[in-house]
Amino acid sequence: MSQLEEMQCFVRVVEAGSITKAAEQMNTVKSAISKRLTDLERRLGISLLKRTTRKQTLTDAGRSYYQHCVRILDDIYEVEHALGNEQTSLSGRIRLSAPISFGLMHLSPALREFNLIHPEIIFDIDFSDRHQDLVAEGLDLAIRISNLTDSSLIARKLASTRLQICGSPDYFVRNGLPEKTEDLLYGHVKLHYSHVSSSWSLLDYQGQAISVNLPTVLSSNNGEYLRDVCITGKGLILTPDFISYPAIKSGKLITILDDALVQKEVGIYAIYSQTRFLSHRVRILIDFLRDYFAKLKNWECPAR
19 MSQLEEMQCF VRVVEAGSIT KAAEQMNTVK SAISKRLTDL ERRLGISLLK
69 RTTRKQTLTD AGRSYYQHCV RILDDIYEVE HALGNEQTSL SGRIRLSAPI
119 SFGLMHLSPA LREFNLIHPE IIFDIDFSDR HQDLVAEGLD LAIRISNLTD
169 SSLIARKLAS TRLQICGSPD YFVRNGLPEK TEDLLYGHVK LHYSHVSSSW
219 SLLDYQGQAI SVNLPTVLSS NNGEYLRDVC ITGKGLILTP DFISYPAIKS
269 GKLITILDDA LVQKEVGIYA IYSQTRFLSH RVRILIDFLR DYFAKLKNWE
319 CPAR
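Sequence positions in the sequence shown follow our numbering and run 19 to 322.
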């Protein structure tokens, strides 16, 4: 049996839920499927499935192998399908990850619009602020909002987001409205996003960059939650405008010291591994997202 046939057999077993059901679907006997799996595990030198009389579960290695098999089989299908008919509509699965707040607020409506054009695309989305290993986790694509440093990845810029220091009107009534960076050092507190540095890099009155670390009254790993707490007047936040824009527009938040921030903008990128074939459907999605966000006005959230 070829490696491709082994992959197809293994995927069928995993998705069918048992060797018995997979054998029925493949119109063969259970012993033949069981032997194929045993031969595959022996060749790979790893255990892919934990099998009991009642159920089967994937090992960690089996889960990783399954993800890679599905991706490879999808890519082969797409290449052959495209060769047969280049005008055929896009189909297949796209596995991607995205930061939670950006993903739910802005990527989700973009993907819904993409699916209206390409309804046969199936998305498998991991909303997470953790930076994942794209190859190890079987991801086709990831959306990252940061200064990229990983040279093993290819990045396509989709948009930019402006960083802002925000507070509520009530907060500034109680604590004063800072007019220069040094004013932050007297009685001001912050709400901290736990995935970034606790210090803010700002310019002082002489134009020199200084590190400002205000007392933290609350930490969270979710930017939308911090924005909502900020609206209640509990503290200041340093946040991207794709999160703060609706509250600023409505007057619930006020920005301060815009010119004092050393880093005023951060890029929003689609990234993918340079070590694997990038499918046509993923390329079309990246182009769509770039055009979609180029048309978005001031991060106005689309109607849901």
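From the three backbone atoms N, C-alpha and C, an ideal C-beta is built for every residue, glycine too. These figures come from a predicted structure and were not determined experimentally.
**Q.** Alpha carbon of arginine 72 to alpha carbon of arginine 148, nearest angstrom
**A.** Working through the sequence shown from its first residue, we reach residue 72 at position 54. Working through the sequence shown from its first residue, we reach residue 148 at position 130. In a straight line, the C-alpha of arginine 72 is about 35 Å away from that of arginine 148.
Q. On the three-state DSSP scale, how would you describe glycine 110?
A. Along the sequence shown, one-based indexing puts residue 110 at 92. Reduced to three states, the DSSP call for glycine 110 is strand.
Q: Flag this pair as yes or no: are the beta carbons of glycine 185 and isoleucine 272 separated by less than 9 Å?
A: Working through the sequence shown from its first residue, we reach residue 185 at position 167. Working through the sequence shown from its first residue, we reach residue 272 at position 254. The Cβ atoms of glycine 185 and isoleucine 272 lie closer than 9 Å to each other.
Q: Could you tell me if tyrosine 310 is buried or exposed, where buried requires 16 or more neighbouring beta carbons within 10 angstroms of its beta carbon?
A: Taking the sequence shown and counting its residues from 1, the one referred to as residue 310 is at position 292. Tyrosine 310 is buried by the Cβ-count criterion.
Q | DSSP-derived helix/strand/coil call for leucine 58 | A | For the purposes of this step, residue 58 is taken as the residue at position 40 of the sequence shown. Three-state result, leucine 58: helix.
Q: Pull up the distance between the alpha-carbon of serine 268 and that of lysine 208, whole angstroms please.
A: On the sequence shown, residue 268 is found 250 positions in, with the first residue counted as 1. On the sequence shown, residue 208 is found 190 positions in, with the first residue counted as 1. Between serine 268 and lysine 208, the C-alpha separation is close to 22 Å.
Q | Supposed contact pair valine 230 and threonine 199 - C-beta distance, whole angstroms, cut 8 Å | A | Sequence index remark: in the sequence shown, residue 199 carries index 181 (1-based). Sequence index remark: in the sequence shown, residue 230 carries index 212 (1-based). Threonine 199 to valine 230, Cβ: 7 Å. Contact.
Q.
Checking the sheet assignment: what are the DSSP bridge partners for isoleucine 163?
A. Taking the first residue of the sequence shown as position 1, residue 163 is located at position 145. Partner(s): Ile286.
(Q) Please tell me whether arginine 308 and leucine 108 are closer than 9 Å, where the distance is taken between their beta carbons. (A) Counting from one through the sequence shown, the residue named residue 308 turns up at place 290. Counting from one through the sequence shown, the residue named residue 108 turns up at place 90. Not a contact, by the Cβ cut-off of 9 Å.
Q) In three-state terms, what does DSSP make of glutamine 336? A) A question about residue 336 goes unanswered here, because the residues of the chain that appear run from 19 up to 322.
(Q) According to DSSP, simplified to helix, strand and coil, what is aspartate 158? (A) Along the sequence shown, read from residue 1 onward, the residue named residue 158 stands at position 140. It is coil, neither helix nor strand.
Q. Taking buried to mean at least 16 other C-beta atoms within 10 Å of its own C-beta, is serine 14 buried or exposed?
A. With the chain represented from 19 up to 322, any question about residue 14 goes unanswered, as that position is not in the structure.
Q: With glycine 251 as the anchor, note down where its beta strand (DSSP E) starts and where it stops.
A: Along the sequence shown, one-based indexing puts residue 251 at 233. Neither: glycine 251 is in no beta strand (DSSP E) and is coded neither H nor E.
Q) For the candidate residues Gly285, Arg180, Phe28 and Ser115, whose alpha-carbon lies nearest to that of isoleucine 90? A) As a first step, residue 90 is located in the sequence shown; it is residue number 72 there, counting from the start. When only C-alpha atoms are compared, the closest one is Phe28.
Q. By Cβ distance, which residues of its chain are closer than 7 Å to isoleucine 302, with the 5 residues on each side in sequence left out?
A. If you number the sequence shown from 1, residue 302 lands on position 284. Leu108, listed in sequence order.
**Q.** Residue of Glu24, Leu62 and Thr167 minimising C-alpha distance to isoleucine 51
**A.** Position 33 of the sequence shown, counted from the start, is the residue given in the question as residue 51. Considering only alpha carbons, the answer is Glu24.
Q) In its own chain, which residues sit with a C-beta less than 7 Å from the C-beta of glutamine 26, not counting the 5 before and 5 after it? A) In the sequence shown, the residue the question calls residue 26 occupies position 8. Counting only Cβ-Cβ distances below 7 Å, and skipping sequence neighbours, we find Leu91.
**Q.** Chain-order list of residues whose beta-carbon lies under 7 Å from that of valine 247 (same chain, five-residue window excluded)
**A.** On the sequence shown, position 229 is the one that residue 247 refers to. Excluding sequence positions up to five before and after valine 247, its CB lies within less than 7 Å of the CB of Leu209 and Leu236, all in the same chain and listed in chain order.
Q. Alpha helix (DSSP H) containing lysine 313: first to last residue?
A. Indexing the sequence shown from 1 puts residue 313 at position 295. Element bounds for lysine 313: 298-313.
Q.
Please list the terminal residues of the continuous alpha helix (DSSP H) segment that includes leucine 134.
A. For this step, residue 134 is matched to residue 116 along the sequence shown. Residues 126-135.
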